[in-house]
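Residue numbers (this note's numbering), protein chains in the order written: chain A, 1 to 294; chain B, 1001 to 1325. Think of the CB as a built atom: it goes at the ideal place given N, C-alpha and C, for glycine as much as any other residue. Since the structure comes first, as structure tokens, the remarks are kept for the end.
Have a look at this one:
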């Protein structure tokens, strides 16, 4: 297959470009990476950092303020908030990473096929995606999770599924632009089967924009999953998930026990902020339009 | 275009609430109900019919403007939704208004001097705005301004319980109070509005800043502006040209932003016990009130369609050439 061979030569160069691109990350994006790595360490090795068991309660220490014994205080069940916040990082990553992977695994093939095939299939898919955009994502996620079951696994599946149109759209637009280009036509002429054209010829040339979105979409998944837990859907207290912890602390905010809700909220902001900083930096490097504007 | 969308929305929400794991019968009957009571409630709600029949009945009712009764409150869903829509619209109006009033000028200024200190600072602030959970911000505001400082009223409703609300004119207690010259009511409504509106404005300003900057940068790089600059026009005139040319995409963006903000607003309503449509919808979803969820989702879809229509009209007015297609 001569055409595909000539095309394969571009692979290493693109990879090299990408690596060089990552070293060009702006200082703000680098700060984002540092934040994400810190939380990643906390999530992987939370046992090393926790001072107490995150779900064992001390009945005689209910709602105590921050102290040397309990750094972030204790909540309404007498559980140590510091340890719970640390443990919560597991949920942040444990939901966001699989959700984004699912979204990519659904969205990219759908975008490839819709863009390449076109016709009625493409039309119907785009209509459905347009229809989904009518609703705010949190309402959609809430309704689907509430209706289909409230397990942790289901939250991950629903978030991944609802997020897949983002990737499908981006890939589809790229495929549409490349569909009738020379390298695709020559690949067809050389007798490549459709799946090979899609995944070996079009995929490497079209996923860049979608990949640039992954960090931002991970931020979205962390935010939405915490929001669901805050509303009491999906993960329930006393599970040490940040959104569920904020829910527990909500009633104490107007009576002065601020530490119950404030600390998990700060952790949540930091992780989402880190992901957004990184995502913004990646978009700057990969999006030619934004690069031109700099 | 709109009609198939609405039919699709009705169908999908109908299937979703029924095929899903929610069981309103169990919720309504309570833990001590007998098997006969279960079948009775099931029959009462029409749930003993086959699904396609249920859907036809529901679809027929919707066409006639009947959204059914809420299974929890036993009140017509349509009535609930209309009264609460005004309550939510007030919050949404001030919130997005303030957000746009902050976001558009800031975004334009950042674009006029890209990569200078102002641009970099606003960029980080707007990314932070993307990252703050709305409900947490609301809780922190309640803690600071109600508990610590005592400046704001507690986050319970739209007007103090001690003040009698004004007559219904626009649905906004603030405006109705002013019309009626009921200063006490207007003042109370205003103090209750400030925190939720501030919350919504902060959250909505972030994407508006980011998008306005991107749009304006693109306009600045366009031939029109380059030509104007080459002609030696004053910087003030140039900025006016940039503003005029970015107006259409900015308005379109703010329009799409409003639909997304409905979700954010629901959370704010939830925290401040605002009693509007957003809170109603959240409660209906969490409690499995099928008819209310269906009505709520349909209302959201209609609202989005309406917003897109308004955006199209506004764009057609300020940019007549867009009418060509």
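Item	Value
According to the Cβ coordinates, are residue 1214 of chain B and residue 1095 of chain B closer than 7 Å?	no
When you compare the CB of residue 1301 of chain B with every CB in chain A, is at least one pair closer than 7 Å?	yes
Drop a sphere of 10 angstroms on the beta-carbon of residue 1058 of chain B, count the other beta-carbons inside from all chains shown, and report buried for 16 or more, exposed for fewer.	buried
Suppose contacts are defined by Cβ-Cβ distances below 7 Å. Is residue 248 of chain A in contact with residue 80 of chain A by that definition?	no
Below 9 Å between beta carbons is the criterion; list the residues of the region 1113-1132 of chain B that meet it against any residue of chain A, in chain order.	1114, 1115, 1120, 1123, 1124, 1127, 1128, 1130, 1131, 1132
By Cβ distance below 6 Å, which residues in the same chain neighbour residue 1107 of chain B in space, the five residues on each side in sequence not counted?	1209, 1212, 1213
Could one say the Cβ of residue 119 of chain A lies closer than 7 Å to chain B's Cβ atoms, at least one of them?	no
At what residues does the alpha helix (DSSP H) containing residue 1055 of chain B begin and finish?	1051-1063
Using three-state DSSP, classify residue 1076 of chain B as helix, strand or coil.	strand
Measuring alpha carbon to alpha carbon, tell me which residue in B:1007, B:1199, B:1140 is nearest residue 1102 of chain B.	B:1199
Confirm, please, whether the CB-CB distance from residue 1288 of chain B to residue 1081 of chain B is below 7 Å.	no
Is it right to say residue 45 of chain A is buried, meaning 16 or more other beta carbons lie within 10 angstroms of its own, or is it exposed?	exposed
If you check the beta carbons only, do residue 1301 of chain B and residue 1293 of chain B fall under 7 Å apart?	no
Please state if the CB of residue 190 of chain A and the CB of residue 278 of chain A are separated by a distance shorter than 7 Å.	no
Using a C-beta to C-beta distance shorter than 9 Å, which residues of chain A count as neighbours of residue 1058 of chain B?	By Cβ distance, chain A contributes nothing, its closest Cβ being about 16 Å from residue 1058 of chain B, past 9 Å.
In terms of residue numbering, what span does the alpha helix (DSSP H) encompassing residue 1160 of chain B cover?	Note, residue 1160 of chain B: premise wrong, no alpha helix (DSSP H); not H, not E.
Answer with yes or no whether the minimum CB distance from residue 154 of chain A to chain B is below 7 Å.	no
Give the residues from the region 1278-1301 of chain B that approach chain A closer than 8 Å (Cβ to any Cβ), ordered along the chain.	1281, 1282, 1285, 1286, 1288, 1293, 1297, 1300, 1301
Residue 146 of chain A CB to nearest chain B CB: under 7 Å?	yes
Could you please give me the residues that DSSP links to residue 214 of chain A through a beta bridge?	In DSSP, residue 214 of chain A forms no bridge with anything.
What is the rounded straight-line gap between the Cα of residue 1047 of chain B and the Cα of residue 1279 of chain B?	26 Å
Based on Cα-Cα distance, which residue from B:1269, B:1237, B:1238 lies nearest to residue 231 of chain A?	B:1269
With a floor of 4 residues, list each alpha helix (DSSP H) that falls wholly inside the region 1090-1136 of chain B, ordered by position along the chain.	1117-1131
When DSSP labels each residue in this structure, what does residue 80 of chain A get in the three-state scheme?	strand
Measuring CB to CB, does residue 1158 of chain B end up less than 7 Å from residue 1192 of chain B?	yes
Check the Cβ-Cβ distances between residue 293 of chain A and every residue of chain B, and say whether any is below 7 Å.	Because the pLDDT at residue 293 of chain A is just 43, under 50, the model does not fix this residue reliably, and the point stays unresolved.
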